[in-house]
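For the sequence shown, the working numbering gives the first residue as 350, with consecutive numbering after it.
Ideal Cβ placement from N, Cα and C applies to all residues, glycine included.
Take a look at the structure below.
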Amino acid sequence: KIDINSWRDLCFQMYKGKVGEQGWKKARRALLKQLGVGLDAEQLSKRARDLFESYDSDGSGEIDFSELKLAMESLGVDLTEQELLHMAAELDVDGNAEIGILEFEEMMHRMYNSKDKYGTWKTAGFA
């Protein structure tokens with residue numbers, strides 16, 4: 350298990366673009382499929398919140414690493430441990446080692462509305 354200081358360092362490296370993005374490349378299509386098509390901003394927020402609640406299996410209001418792993422597995426996305434760590438670190442803007450609803454929802458909006466498959470939509474530091 351990663352300690353909080355190591356976690357924050359990884360989050361910082363993700364923010365600076367110093368580590369990989371393979372996890373997002375693999376997960377983007379599956380997540381967009383789950384969101385659906387033709388959604389306006391309000392519908393997208395609702396759908397993102399519904400997805401978040403389904404991934405937050407313990408009802409804590411945060412998605413931890415094990416819940417993210419289960420979510421990706423449920424989508425049929427096979428990620429390595431390192432890819433999952435990088436993915437979680439990109440979402441975890443506040444560095445608390447969990448993904449909050451606002452972090453998740455903002456990322457889904459960026460992903461959904463971007464024409465760039467792997468680039469600017471996944472930039473951390475938006476919350």
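- Under the DSSP assignment, residue 403 falls in the alpha helix (DSSP H) whose first and last residues are 390-404.
- In the three-state reduction of the DSSP assignment, residue 411 falls in the strand class.
- For residue 448, the pairing in a beta bridge is given by DSSP as 412.
- Taking C-alpha positions only, residue 375 is separated from residue 425 by approximately 10 Å.
- Going by beta carbons, residue 421 and residue 440 fall outside the 9 Å limit.
- With the rule of 3 Cβ pairs closer than 8 Å, the region 404-413 counts as touching the region 437-457.
- Taking C-alpha positions only, residue 391 is separated from residue 457 by approximately 12 Å.
- Between residue 460 and residue 378, the alpha-carbon positions lie close to 10 Å from each other.
- Annotation: the continuous alpha helix (DSSP H) that includes residue 433 extends over 430-440.
- Around the beta-carbon of residue 442, 16 or more other beta-carbon atoms lie within 10 Å, marking it buried.
- With contacts defined by Cβ atoms closer than 9 Å, residue 447 and residue 399 do not form a contacting pair.
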